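Single-structure report; data block below.
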Amino acid sequence: MQESEFMTVPVFRFAPSPNGHLHLGHAYSALLNQRMAHAAAGRLLLRMEDIDRERCTPQLEATMQEDLHWLGFDWETPVRRQSEHFEVYRESLDRLIRMDLVYPAFLSRSDIRREMQKVMAQGRAWPHDPDGAALYPPTDRMLTHRQRAQRMNEGLPFSWRLNMDRALEHVGEPLFWQETADGGSNIAARPQDWGDVIIARKDMPTSYHLSVVIDDALQGITHVVRGKDLFQATSIHRLLQHILGLQPPAYHHHDLILDHDGQKLSKSRKDTALRALRLEGVTPGQIRELVGLQD
């Protein structure tokens with residue numbers, strides 16, 4: 695057997711959520727994944743991140759795949775759908791529960807606002823995560839196991855949140871990830887900036903953060919190419935990978951395609967949807983030019 699046969703084949707993935715129509719930003723990310731996979735003689739996978747069964751539909755997925763075919767994006771089959779693997783995510787959630795690294799969180803948004811108002815009335819600032827959302831109060835951390843069990847038995851709605859302090863103690867060492875977008879560097883992860891993030895919900899045994907690291911590991915993804923809007927969230931992913939013993943991929947966080955006002959594109963904006971552009975007669979080649987990835 696030759697030395698090259700021992701080398702890992704690079705594996706890339708494009709993983710949209712079928713809760714709307716693809717736009718120019720998705721086109722850029724898909725085409726960049728394809729270009730980098732081809733340049734590395736690697737594999738290219740398509741994954742549907744459809745854990746939100748209310749907003750994600752088979753019809754929207756079919757439309758997405760049609761638009762991707764039209765764009766010239768090619769992928770290996772079968773397509774992995776997260777909605778078909780809840781039992782896999784449940785296993786990891788149960789493991790985190792046994793490790794006592796997550797806890798049931800019962801506070802509603804109004805409860806959180808009241809906690810914030812109490813603190814801010816004393817002239818103190820309330821911490822926020824890198825996305826600007828208020829961090830979850832430590833209230834539910836202090837509940838006893840009996841109190842938690844009683845509230846769960848009463849049927850109160852809750853989410854499973856990561857006890858960030860305990861998780862960091864469990865890791866006990868600095869975490870980094872390999873970032874290739876800037877030519878190659880190790881980025882220090884700062885999961886503590888996110889506070890006690892949601893890992894799963896009462897009626898759904900996962901969240902984006904949990905399912906994405908599990909899927910990347912199970913699919914053998916070696917290179918995650920995605921937008922800069924997820925750069926900071928990589929800190930959470932590195933923490934979960936370390937706790938669950940998952941091999942981390944290399945990351946490449948690319949620039950975002952912005953609208954005329956400098957805002958991130960949204961699936962609700964029809965003027966940048968690939969479907970709308972197709973109806974106007976725009977060609978795949980013109981899409982590539984619009985996103986700066988022409989051949």
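FYI, the numbering for the sequence shown is 695 to 989, going by the numbering used here.
Cβ atoms here follow ideal geometry from the backbone N, Cα and C, with glycine treated the same way.
Just so you know, these numbers come straight off a predicted model, no measurement behind them.
In the three-state scheme derived from DSSP, where H, G and I count as helix and E and B as strand, His720 is classed as helix. Remark: C-beta atoms of Pro899 and Met846 do not approach each other more closely than 7 Å. From the listed residues Gly736, Leu725, Thr757, the smallest Cα separation to Asn713 is found for Thr757. For Ile881, the beta-bridge partners assigned by DSSP are Trp871. Under the 10 Å beta carbon count, Ser853 is surrounded by 16 or more other beta carbons and is classified as buried. Per the DSSP secondary-structure output, Leu754 pairs with nothing in a beta bridge. Val703: not part of any beta strand (DSSP E); DSSP gives it neither H nor E. Taken atom to atom, the span from the alpha-carbon of Asp876 to that of Phe708 is near 20 Å. Under DSSP, Arg895 takes part in a beta bridge, and its partners are Ser853, Met898.
Here Trp764 really is in contact with Pro978; their C-beta atoms are around 6 Å apart, less than 8 Å. Burial is judged here by how many other beta carbons sit within 10 angstroms of a residue's own beta carbon; Gln935 has at least 16 and is buried. Annotation for Ser777: Asp744, Ile745, Arg747 place their beta carbon closer than 7 Å to its own, counting only its chain and skipping 5 residues before and after. Across the set Glu781, Ser711, Leu726, Val907, the C-alpha of Leu726 shows the shortest separation from the C-alpha of Ile951.
For Arg860, the enclosing alpha helix (DSSP H) stretches over residues 858–865. Leu716 is a Cβ neighbour of Leu968, given a cutoff of 7 Å. For His715, the three-state secondary structure derived from DSSP is coil.
Per DSSP, reduced to three states, the secondary structure at Val906 is helical. Within the region 811–854, the runs of alpha helix (DSSP H) at least 4 residues long that lie entirely inside it are, in chain order, 839–847.
Residue environment analysis places Glu974 among the exposed positions, since fewer than 16 neighbouring C-beta atoms fall within 10 angstroms of its C-beta.
DSSP places Arg972 outside any beta strand (DSSP E); the residue lies instead in the alpha helix (DSSP H), whose first and last residues are 968–973.
Distance between Ile930 and Arg855, taken at the CA atoms: about 12 Å. Here Pro832 is exposed. Its C-beta has fewer than 16 other C-beta atoms within 10 Å.
Take the alpha-carbon of Thr771 and the one of Arg741: they are about 10 Å apart.
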